[in-house]
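Input: a single structure, listed below in structure tokens.
Protein chains: 2
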Amino acid sequence: MHSEFDLIARYFTPAPPGPEAGVALGVGDDCALLAPTPGRRLAVSVDTSVAGVHFPAEAPAEAIGHRALAVSLSDLAAMGARARWCFMALTLQARPDAWLEAFSRGFKALCDATGTTLAGGDITRGELAIGVTVMGEVAPEAALTRGGGRPGDLVAVTGALGGGAGGLAAWQAGERDVGHPLLARYLFPRPRLAAGEALARLATAAVDLSDGLLADLGHILEHSGGGARLEPEALPLAEGLVEALGEARAQEAALSGGDDYELLICLPAERLDEARRRLAALALPLTVIGRLTEAPGLHGVPGARRLGWQHFRGDETGGRP
Amino acid sequence: MHSEFDLIARYFTPAPPGPEAGVALGVGDDCALLAPTPGRRLAVSVDTSVAGVHFPAEAPAEAIGHRALAVSLSDLAAMGARARWCFMALTLQARPDAWLEAFSRGFKALCDATGTTLAGGDITRGELAIGVTVMGEVAPEAALTRGGGRPGDLVAVTGALGGGAGGLAAWQAGERDVGHPLLARYLFPRPRLAAGEALARLATAAVDLSDGLLADLGHILEHSGGGARLEPEALPLAEGLVEALGEARAQEAALSGGDDYELLICLPAERLDEARRRLAALALPLTVIGRLTEAPGLHGVPGARRLGWQHFRGDETGGRP
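In order, the protein sequences belong to chains A and B. Okay, so the first sequence: first residue is 1 according to my numbering, each after it adds one. Okay, so the second sequence: first residue is 1001 according to my numbering, each after it adds one.
Here it is, written out as structure tokens:
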């Protein structure tokens, strides 16, 4: 086992970061020492991804590494925060070197792509689980919470929906080609960090779509008060989803499937054009799917049921923050 | 299971903290939003405590909660940092209400005692493991690292040694009275936060004693260079340790036993009186146990072997940061 930890230490002990990374002291001491930007709020989120609960244990190691970080970074995106640092608490049993190498490659590639510096961590023996703490920064007045939505605000989502559930369904049906568009969405979700920053001063409320549109919109209503009317026919469905699942299940995947890691935002109608213009620069569509209402409750949606393919992240996991 | 998570949510959703806590937004949104003190470094450490690896699964729930936080806070103490915030990633299977209540009581009591605000977390189903991220603050010039020790510096430890290993031995021998002094040391370690702050501008290097004196002094030497000469007869042994284990095993427990969560510091001899004066105000002794040397290696210690009672935190866990 020792060689395994030596390997992990090698894979995960990055070169000393440059001064722009804000790491005064990195991996190797009792603590990391970080230099936060004065005047910014520090946005922090913690997520644990457990094999067999949040992802299939046999998923490609590169995807496991990517995904464990992506689900945490998605929480930063939902606050409009810029990613700065992450810490990884890794629990695992013996794994082949090639697995460890691929796992760390997936994790680090997403660090690089998002400007996140791995500043420390912890390795423990046990069933495979990856705990990730992410830290980002946001100007106090720009932070996006779940609580700012107002009646009349449009409800809109970035990108396309249902790809997470559709990809998991494909995996469970035996699909193993990571180039498969739905499977790629499930295994390599892209946290919408740039979109979150771009929308931060336009949106009144935001949440990332981890538990499914209905559940996550429910979080918004819980914090903002009031209700919402959805137009289910307006939902932007992931490419290939209808072909794979048929129309009814595709609709359900988009409403309740989860694991999409798109952003759901609320915003006044007069800011829609500006929001779309900003996201166009990121090649990301923004689709209006409904409106907040004074009347409490969710309207316009036929009673949605939990989908059978969701057993990797059922109710009992407590959901994602 | 749902009721369990409801319970945990209730136990761990604290009252909104006051403005002095620096929490702009607490538990319940995508991220917590923290307000770091301008000009301070942020000290961050992550530790995972796994049942059967880092503590006996049947240990009292209150101790498990206390201990999971204590081992992380001890890393802040070793940097001379003041504790500010913590995040908990809890993985567990169904537990009785009384267990959950006691676990959260132990965790929160240590939060209160150390001025640490629980600002967020994550709950997942699986084998019992507690991941804790702690954040503290320290003035840049006051941060204590492992790398500042210089030949001639005294090597000193706070408090008493061997209590962690002695307490675990008592547990393994069937002792269940948490009032037993050694068992209390093992189950309810006290992170030396106030001592770390008091010593921050006096010590040249510091580490907390989690892996055992010899291993942790090794970390200092690795970062500071040079070697050390110890005077094993000077080691301050925990109360009752010799009576419980006999002289030879007591000495070994103090040298290699780990889980003491005292601080080991290096400091120039002329600062010893001032350091002792400051710790006296905390009713904490500071004992000189050796000196750093130009010559590399560890001198004055008979070849120390790993102790048989250490199986809860053997080499394969990778040690504590």
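Glycine residues also receive a C-beta, built at the ideal position from the N, C-alpha and C atoms.
### Query
Counting contacts by CB-CB distance shorter than 8 angstroms, is B/Gln1310 in contact with chain A?
Because B/Gln1310 sits at a pLDDT of 36, beneath the cut-off of 50, its placement in the model cannot be relied upon, and the following sentence gives the value as read from the coordinates. With 8 angstroms as the cut-off, B/Gln1310 does not count as an interface residue toward chain A.
### Cβ-Cβ distance between A/Gln172 and A/Glu127 below 8 angstroms
no
### Message
If contacts are defined as beta-carbon pairs under 8 angstroms, then B/Ala1032 and A/Val44 qualify, I think. What distance do you get, rounded to the angstrom?
### Response
5 angstroms
### Query
Applying a beta-carbon distance threshold of less than 7 angstroms, which residues of chain B neighbour A/Phe87?
Val1044, Val1046, Thr1133
### Query
Hey, A/Ala51 and A/Ala129: beta-carbon distance below 8 angstroms or not?
yes
### Message
Between which residues of its own chain and B/Gly1308 is the CB-CB distance below 6 angstroms, once the five residues before and five after are set aside?
### Response
Bear in mind that a pLDDT of 30 at B/Gly1308, under 50, signals an unreliable position, so the number given afterwards is only what the model happens to contain. Excluding positions up to five away in sequence, the list is empty.
### Task
Excluding the 5 residues preceding and the 5 following A/Ser72 in the sequence, name in chain order all residues of the same chain whose CB lies nearer than 6 angstroms to its CB.
So the qualifying residues of the chain are Ser45, Asp47, Val132, Val134.
### Query
B/Leu1202 CB to nearest chain A CB: under 8 angstroms?
no
### Message
Using C-beta distances below 6 angstroms, list every residue in its chain close to A/Met88, excluding the 5 sequence neighbours before and after it, in chain order.
### Response
Gly121, Val132
### Touch test, the region 227–234 of chain A against the region 107–119 of chain A, Cβ-Cβ under 8 angstroms, three pairs minimum
No, the region 227–234 of chain A is not in contact with the region 107–119 of chain A.
### Message
Distance cutoff 8 angstroms, beta carbons only. Does B/Asp1273 sit that close to anything in chain A?
### Response
no
#### Entry: chain D within 8 angstroms of A/Leu34, Cβ atoms only
Among the protein chains of the structure shown, namely A and B, there is no chain D.
#### Entry: Contacting residues, own chain, Cβ-Cβ under 8 angstroms from B/Gly1290 (five flanking each side not counted)
If we look at B/Gly1290 and ignore the five residues flanking it on each side, its Cβ neighbours are Leu1154, Val1155, Ala1228, Arg1229, Leu1230, Glu1231, Ala1234, Gly1300.
#### Entry: Cβ-based burial, A/Met1 [other Cβ within 10 Å; buried from 16]
At A/Met1, the pLDDT of 38 sits below 50, so the modelled position is not reliable; the number obtained from the coordinates is stated separately. With fewer than 16 other Cβ atoms within 10 Å, it is exposed.
### Task
Could you tell me if the beta carbon of A/Glu231 falls within a distance shorter than 7 angstroms of some heavy atom in the ligand MN?
Ligands are entirely absent from the displayed structure, and the ligand MN is therefore not among its contents.
### Message
When you compare the region 1163–1183 of chain B with the region 56–72 of chain A, are there three or more beta-carbon pairs, one atom per stretch, that lie closer than 8 angstroms?
### Response
no
### Message
Starting from A/Met79, trace the alpha helix (DSSP H) in both directions and tell me its first and last residue.
### Response
61–79
### Query
For chain B, is any of its Cβ atoms less than 8 angstroms away from the one on A/Val53?
yes
### Message
Need the endpoints of the beta strand (DSSP E) that A/Ala165 sits in, please.
### Response
That residue, A/Ala165, is in no beta strand (DSSP E); its alpha helix (DSSP H) goes 163–172.
### Task
Let me know if B/Asp1216 comes out buried or exposed under the rule of 16 or more other beta-carbons within 10 Å of its beta-carbon.
buried
### Query
Assuming A/Arg146 contacts A/Ala198 under a Cβ cut-off of 8 angstroms, what Cβ separation, rounded to an integer in Å, is found between them?
So it is not a contact: roughly 19 angstroms between Cβ atoms.
### Query
Among A/Ala250, A/Glu222, A/Glu252, which residue has its Cα nearest to the Cα of A/Leu298?
A/Glu222
### Query
Within 10 angstroms of its Cβ, does A/Asp75 collect 16 or more other Cβ (buried), or is it exposed?
buried
### Task
Check whether the Cβ atoms of A/Gly18 and A/Arg84 lie closer than 8 angstroms to each other.
no
### Query
Under three-state DSSP, which class holds A/Glu20?
helix
### Task
Could you pull the start and end residues of the beta strand (DSSP E) that A/Gly297 belongs to?
297–299
### Task
Give a yes or no on whether 8 angstroms exceeds the smallest Cβ distance from B/Asp1211 to chain A.
no
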